[in-house]
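These notes concern the structure reproduced below.
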Amino acid sequence: MLLEVTELTKAFRDTMAVDHISCTLGNGVYGLLGVNGAGKTTFMRMLCTLLLPDSGAIRWEGSDIFSMGGAYRKLLGYLPQDFGYYPDFTIQDYLLYIASIKGLRPAYAKKHAEQLLQQVGLWDIRKQKMKKLSGGMKRRAGIAQAMLNDPQILILDEPTAGLDPRERIRFRNLISEIADKRLVLLSTHIVSDIEYIAGEILLMKDGKLTLTGTTQELTASMPEQVWRCTVQREQLDHYLQHYQVSNIRNTADGVELRILSASCPMAEAVPEPATLEDVFLYHFGEKAGADHDIL
Amino acid sequence: MIFYEIKKTVSRTGGRIALGLLLFTLAVSCFLAVRVYYVNEEGAREYGYSAVQKLRAAQKEWAGALDEERLQAAFQENIRIRHSPEALSEDITENNIAFSRLQGIFEIRSLINESYAEGFRSYDYYLADRLTSVNAADFYQNRVRLLREWLETDAKDQFTEAEKAWLIRRYEELDTPFFYDYVKGWRRAMEYFPTLVMLAVMILGYLVAGIFSCEYQSKAEAVFFASAYGRSRAVSAKVKAGLLTVTGIYWALAGCYSAFVLAFLGADGASCPVQADLGGWKCFYHLTMGQAYVLVLLGGYLGCLFLSGLTMLVSAKTRSSVAAVMVPFGAVFLPSFLSFIQHPLMNHILVLLPNRLLDMGTTLGYFYLYPVGGQLHGAVPLLLILYTALSLVLYPMQYVEYRRLSKK
Chain S
1 MLLEVTELTK AFRDTMAVDH ISCTLGNGVY GLLGVNGAGK TTFMRMLCTL
51 LLPDSGAIRW EGSDIFSMGG AYRKLLGYLP QDFGYYPDFT IQDYLLYIAS
101 IKGLRPAYAK KHAEQLLQQV GLWDIRKQKM KKLSGGMKRR AGIAQAMLND
151 PQILILDEPT AGLDPRERIR FRNLISEIAD KRLVLLSTHI VSDIEYIAGE
201 ILLMKDGKLT LTGTTQELTA SMPEQVWRCT VQREQLDHYL QHYQVSNIRN
251 TADGVELRIL SASCPMAEAV PEPATLEDVF LYHFGEKAGA DHDIL
Chain F
1 MIFYEIKKTV SRTGGRIALG LLLFTLAVSC FLAVRVYYVN EEGAREYGYS
51 AVQKLRAAQK EWAGALDEER LQAAFQENIR IRHSPEALSE DITENNIAFS
101 RLQGIFEIRS LINESYAEGF RSYDYYLADR LTSVNAADFY QNRVRLLREW
151 LETDAKDQFT EAEKAWLIRR YEELDTPFFY DYVKGWRRAM EYFPTLVMLA
201 VMILGYLVAG IFSCEYQSKA EAVFFASAYG RSRAVSAKVK AGLLTVTGIY
251 WALAGCYSAF VLAFLGADGA SCPVQADLGG WKCFYHLTMG QAYVLVLLGG
301 YLGCLFLSGL TMLVSAKTRS SVAAVMVPFG AVFLPSFLSF IQHPLMNHIL
351 VLLPNRLLDM GTTLGYFYLY PVGGQLHGAV PLLLILYTAL SLVLYPMQYV
401 EYRRLSKK
């Protein structure tokens, strides 16, 4: 069960959204990590056959997915970043409609929709209209629709966007539950989501896959060391200007900094094990701070 | 799939309001269509079902072949009533009492006004009252004579010689004497149906305008197109849902309207030719009142089907309900503006526009001829053939167009 991506390229006018991406994805959870505009959504939309690549190929079990057409989409579950729904449908109606366009038999669809509604915690409000749901509930309904056909390939684009911490934990547990025996690719710019559940991480920057591997491999590949040190408040600007700082915490003694640096920034600095957040900051630098909810 | 597509259309608040408006219009149309009065022996107007029954009974007395004998009798009855003291009185109530006796022959009297008119295009309401005698044998021949005179004078440049000969032949081919009967039910049903169907086409347009564009408007297109049947059966379900919505709503509306109006006013006279009714005297199509009404219903359906199909195509192509919903509005109102351009070719084109399907009763009265396949035809058969063919093309086009959007 392999999804092979070869030299995949897509440009929008002068912008190269996806730039010669190649990778092979099997069963397991893959985290696609990158800042906004890195090309994650374009890449995922091509995997869902919603966009045609300018060049390159995507093959499932050796067959071109665009030639497979409906047969490929039968294996696919997709939750788009900008998840749309039919506002006047109840959650149950929505799922049954999606089940019908996924080609599920009505009796099976009804039963499976019930199971999923219970799994995502929407069973009690299944008769509620979609337009009356909170952002988190809509997202859960979105995950349920993606799971309806028990997909071999599950693509989730920013599935935790807009979810509160409790819902994010619930979502992570849900993904872990369903990840068995299927390929799950989820994109996010929230590092902690991926750190917990992804077996392999794909780091995407400017349309390219810059790094792939497990959390351990990625952290090990980072040439810079992570340091923890406490500085006086008036020194903070100096450190921010001269070092990549992945965390700032106010303490009674001053300001505790987490610094990425090849050399020791100060005598009192203590080396720390690197995390995925540090890797992210290292690779994306200034851009990583562009979104408030990155880390 | 089709069920949910229809549900998407009608579950919207706007969709429900539109359906409510349609029901309200149906109720108003039914009410207006059956609002027939009967003037009783005291000269007072009566309304309601009993009034209809009295009027029907009065006119039924004159039902039968409209031959010389019946025409002469009706003419003499009109003279007798018009010269009665009640008719000559200056008191309006007395006049109304005289009118109450006239109701049985009122329609035949109107046909006499048509037949013995001075010209083809003239109509004098009081002509039958002024005539001292009529040669009933001329009644049907006058129809042909007046046409012939009109074609040789006022309309001599409007038609070619072949067209003139064709029209005269059509007039001569009418079976006479024709059967006369009470036809109020059919006439009133035909009169008020176009208003209902014009509103229906706009509401249907509004309902189907979102069938394709709703996926984009609600940003649900990614899930839709990424589904197994999102580019095949689901698109086809949208097309079918549109067809079913238009067909279901139209025929429910037309059925309720026709059943109510004809049940209330009576369906008598279905086999009378349209020429037996005042509005159809000049018509060159040989149809009975029943056939003409079926044509009105079919024309309305075809008009709704075509315009809704066009609306859906625009919706599929532009992904915008707003642009799509303009189609039926444009189709209904644009010809009114174009009619200001006075040109024979423009008039011929205007009669072939889809809005004419919505008012087939009026279209039956148009004198526009079209040479097709070496033969002359009126606008009605051409409209039916043209828009059936176009509708057959439109719906598959929606499928192709929407599928095309799925890949960028």
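Quick note, the sequences are listed as chains S and F, same order. Heads up: the first sequence at position 224 corresponds to 224 in my numbering, and the numbers run straight through without jumps. Heads up: the second sequence at position 274 corresponds to 274 in my numbering, and the numbers run straight through without jumps. Positions of the beta carbon are idealized from the N, C-alpha and C atoms, including for glycine.
Restricting attention to L211/S, G135/S, L116/S and N27/S, the CA atom closest to the CA of L154/S is found in N27/S. Around the beta-carbon of T245/F, 16 or more other beta-carbon atoms lie within 10 Å, marking it buried.
DSSP links H377/F through a beta bridge to Y370/F.
Between Q291/F and L174/F the beta-carbon gap is near 14 Å, outside 8 Å, which marks them as no contact. At least one CB atom of chain S sits nearer than 8 Å to the CB of Y229/F.
Neighbours of S100/S across chain F, judged by C-beta separation under 7 Å: M1 and Y4. Per DSSP, the continuous alpha helix (DSSP H) segment holding I197/S begins and ends at V191 to I197.
At a cut-off of 8 Å between C-beta atoms, F225/F counts as an interface residue with respect to chain S.
By the 16-neighbour rule on beta-carbons within 10 angstroms, E158/S is buried. Within chain F, the C-beta atoms nearer than 8 Å to that of G70/S come from A228, Y229, R231 and S232, in chain order. For R233/S, no CB of chain F lies under 8 Å from its own CB, so it is not counted at the interface with that chain.
With at least 16 other beta carbons inside 10 angstroms of its own, M190/F counts as buried. E268/S counts as exposed, since fewer than 16 other beta carbons sit within 10 angstroms of its beta carbon. For the 8 Å CB-CB criterion, Y399/F and V235/F form a contact. Counting only the Cα atoms, N113/F lies some 13 Å from T132/F. Between L127/F and A117/F a beta carbon distance of about 7 Å is seen, short of the 8 Å cut, so the two are scored as contacting. Around the CB of N135/F, fewer than 16 other CB atoms lie within 10 Å, so the residue is classed as exposed.
Under the Cβ criterion (8 Å, minimum of three pairs), the region 151-164 of chain F does not count as touching the region 351-366 of chain F.
Among the residues facing chain F, L76/S is included, as its CB has a counterpart in that chain under 8 Å away.
Taking all protein chains in view, the Cβ of I194/S is crowded by 16 or more other Cβ atoms within 10 Å, so the residue is classified as buried.
Listed by position along chain F, the residues whose Cβ is nearer than 7 Å to that of P87/S are S218. In the structure shown, Y94/S falls within a helical segment according to DSSP collapsed to helix, strand and coil. Residue contact with chain S for K240/F: absent (no Cβ-Cβ distance below 8 Å to any residue of chain S). Taking all protein chains in view, the Cβ of F31/F is surrounded by fewer than 16 other Cβ atoms within 10 Å, so the residue is classified as exposed. Within chain F, no residue has its beta carbon less than 7 Å from that of D150/S; the closest one is some 12 Å off. For G103/S, a Cβ of chain F is located within less than 8 Å of the residue's own Cβ.
Residues of the region 305-321 of chain F with a Cβ closer than 8 Å to any Cβ of chain S: none. Nearest to A11/S by C-alpha distance, out of L185/S, K208/S and H242/S, is K208/S. In the assembly as shown, H283/S is a buried residue. Its beta-carbon has 16 or more other beta-carbons within 10 Å.
Neighbourhood of G136/S in chain F, by CB distance below 7 Å: empty, with the nearest CB roughly 18 Å away.
Separation of Y387/F and I6/F (C-alpha to C-alpha, rounded to the nearest whole angstrom) is 24 Å.
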